[in-house]
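Counting in my numbering, the sequence shown runs without a single skipped number right up to 351 at its last residue. Positions of the beta carbon are idealized from the N, C-alpha and C atoms, including for glycine. From a predicted model like this one, the values you see are computed outputs, not experimental measurements.
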Amino acid sequence: MRDVEPSTPEPRRRRANGDESRQKILAAATAIAGERGYDGTSIALVSERSGLPASSIYWHFKDKDALLAAVIDRSWVEWVAGMSTPVQIEEGASRLEIMRALMRRTGRALLESPDFLRLGLMLTLERRPDEPAARTAFLHTRGETFDQMVASYAEHFADLDEAGARELATFTMAMADGLFVAREIRGDDMDLVQHFETLAVAVLAVADDLAARTPSRTRV
132 MRDVEPSTPE PRRRRANGDE SRQKILAAAT AIAGERGYDG TSIALVSERS GLPASSIYWH
192 FKDKDALLAA VIDRSWVEWV AGMSTPVQIE EGASRLEIMR ALMRRTGRAL LESPDFLRLG
252 LMLTLERRPD EPAARTAFLH TRGETFDQMV ASYAEHFADL DEAGARELAT FTMAMADGLF
312 VAREIRGDDM DLVQHFETLA VAVLAVADDL AARTPSRTRV
């Protein structure tokens, strides 16, 4: 009697096809949003770029806004993964060398997963009567990143109070945004990672200044 190969269950195949389609849609939407922004992105363009019918896109996402929110979320998850890469610190390294290594990792992670910040900054600067879900998604991820940075600074800069750690995190994110935008304008001739290393010097200088002013803060 001839052995019969077990067939792949239909639900599993359907799920795999659905995941593949979803990734194609997200990749197409990411590319278009990076080129044209929120308003310039449309379901029709995503359909054309992905090679999938609009009905397939609407099956996965309620509308363009939900699609772009998913784009931001996926890119942010990829960026967080890049930020989780272990940093090699030599024994006896100075705090500047440590901070430079951490900033190098941040710069590389942004180069590898820039879409959440690129699209998110566009949405943040826009003023709309109805706030897009994509903007809300970005602000949520932004808030999580800020809280994590404050916690990290509070741990590594013991001479800073909570207000100082928040000020330092605000400064760091503002400078990182500026460097990212500068590279978007100048293009590949700007070494983002090198500039993030330079940012390490500024972060430490600001941390020292905040620590020096901490005793004079008004405490409730």
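Asked: N-terminal and C-terminal residue of the alpha helix (DSSP H) that residue 325 is part of; Found: 323 to 344
Asked: Separation of residue 279 from residue 336, as counted between CA atoms; Found: 21 Å
Asked: Residue 135 to residue 154 span [Cα, whole Å]; Found: At residue 135, the pLDDT of 47 sits below 50, so the modelled position is not reliable and the matter cannot be decided from this model.
Asked: Euclidean distance between Cα positions of residue 157 and residue 316; Found: 25 Å
Asked: Continuous alpha helix (DSSP H) assignments of at least 4 residues falling wholly in the segment 224 to 279; Found: 226 to 243 and 246 to 256
Asked: Assigned exposure category for residue 309 - 16 Cβ within 10 Å defines buried; Found: exposed
Asked: Residue 323 burial status per 10 Å Cβ neighbour count (16 or more: buried); Found: buried
Asked: CB contact flag (residue 357, residue 330, <8 Å); Found: No answer is possible for residue 357: the residues shown for the chain start at 132 and end at 351.
Asked: Any alpha helix (DSSP H) of 4 or more consecutive residues that is wholly inside the segment 155 to 195; Found: 174 to 181 and 185 to 191
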